[in-house]
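Input: a single structure, listed below in structure tokens.
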Amino acid sequence: MENSIDKLNRLKREKDAVIMAHYYAIDEVQEIADYIGDSFYLATLGRSLPNKTIVLCGVDFMAESAKILSPDKTVLIPDFTATCPMALMADTDGIEAVRKHTEDVAVVCYVNSTAELKASSDVCVTSSNAVKIVSELPQKNIYFIPDINLAKYIQEKLPEKHFIFNDGFCCVHDGITEEETLKAKAEHPGVKLLAHPECKEETLRHADFIGSTSQILDYAISSEDDAFIIATEVGILYKLAQHCPNKTFFTVNNTQFCKSMKKNTVEKIIEALETGEPEMVLQGDFIRNAEKPLTRMVELA
Ligand code: SF4
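Take the position in the sequence shown, starting the count at 1, then add 8; the result is the number in the working numbering.
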């Protein structure tokens, strides 16, 4: 009798499918994924692969980005309710208002955003390439959407730019408080704190290293230290344990957990491959408009 892994592999062959998972997906999904990465890696990977079907185990904006960059491919998102709350924390009216009242402004859109926001923006960025890309923009004024914490982090690195902030945030990273951070550091003296720039300014102030999820992973792998405090989503612990079996990783609190990222399961992946649903579908015009800032990001990065 065919077990679930055999079934998954058979369906992958039949549908010419590749399974991509974000670092924050549950361990079982990361185990069976063909590729695991952060949003920048996953956004660009799909179009370089020959497969006709992409199964995106992340949240909706990632499936949208994959569809925008690979419009001819079928993009499946095993649980369509896996949405990122931060992706919705800005709107096109706000963008229009800023454009109307501000000269020499670039609208910079974090990839953790809806396709609608991307389509109204000048360029997209990820947490790993945001500083580089914003530094290369000719405009002095930067309207950064939707994440205020990442915007403040970039502003500190690029004082020559003038930022207009939008009040969006990631509930997981924003929820890591300074008080908890100081407590974790006191409990583990001498242990380095590795933090994601979606954390608040007052938390980042205590970090020994600030970087995207993949940069945190690279740092922990290459460092000679044998213990770290991690200030990002707990899903990264799967890869950290795989790459660094002899190192110890502590979290800052016990709520570094993104409910949406945990919604995709192996059973739902199998069902999506069997039924061809849920599929990410976007209108042609929409894809063309949202593709420009994503392509500009890929070029500038
Ligand atoms: S971890 Fe934060 S930014 Fe990422 S999907 Fe969850 S809520 Fe959105």
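Ideal Cβ positions, reconstructed from N, Cα and C, are used throughout, including at glycine.
Keep in mind the model is a prediction, meaning the values are calculated, not measured.
Could you tell me whether any non-hydrogen atom of the ligand SF4 is closer than 7 angstroms to the CB of residue i?
i	result
Asn261	no
Pro86	no
Cys65	no
Tyr32	yes
Val142	no
Ser268	yes
Asn120	yes
Val180	yes
Met94	yes
Glu241	yes
In whole angstroms, what is the alpha-carbon distance linking residue i and residue j?
i	j	result
Leu302	Val133	8 angstroms
Thr52	His214	33 angstroms
Ala41	Pro205	26 angstroms
Val274	Met9	18 angstroms
Phe69	Glu307	20 angstroms
Ile224	Ala309	19 angstroms
Glu36	His170	44 angstroms
Arg55	Tyr49	11 angstroms
Tyr32	Thr110	37 angstroms
Val67	Asn11	27 angstroms
Pro58	Arg21	13 angstroms
Lys255	Met28	26 angstroms
Glu221	Ile103	A quick correction: the sequence has Thr, not Glu, at residue 221. Using only the alpha carbons, I get a separation of about 28 angstroms.
Asn261	Gly292	43 angstroms
Phe217	Ala228	10 angstroms
Ser78	Phe88	19 angstroms
Asp101	Asp233	48 angstroms
Lys75	Gly243	24 angstroms
Phe294	His196	49 angstroms
Tyr151	Tyr43	33 angstroms
Do residue j and residue i have their beta-carbon atoms positioned less than 8 angstroms apart in this structure?
i	j	result
Lys208	Asp182	yes
Val131	Val116	yes
Lys193	Leu201	yes
Lys6	Asp99	Given a span of 9 to 309 for the chain in the structure shown, any question on residue 6 remains unanswerable.
Ile278	Lys81	no
Pro86	Cys65	yes
Thr211	Ala235	no
Phe258	Val180	no
Met305	Val83	no
Ala159	Phe177	no
Ser143	Leu166	yes
Leu245	Ala123	no
Kindly indicate which three-state DSSP category residue i falls into: helix, strand or coil?
i	result
His181	helix
Val199	coil
Thr221	helix
Phe88	coil
Met9	coil
Val306	helix
Asn174	coil
His251	helix
His214	coil
Leu290	coil
Phe265	coil
Val113	strand
Ile153	strand
Leu64	strand
Gly45	strand
Ile237	strand
Ala105	helix
Val242	coil
Any heavy atom of the ligand ZN closer than 7 angstroms to the beta-carbon of residue i?
i	result
Cys117	By its list of ligands, the structure shown excludes the ligand ZN, since it contains just the ligand SF4.
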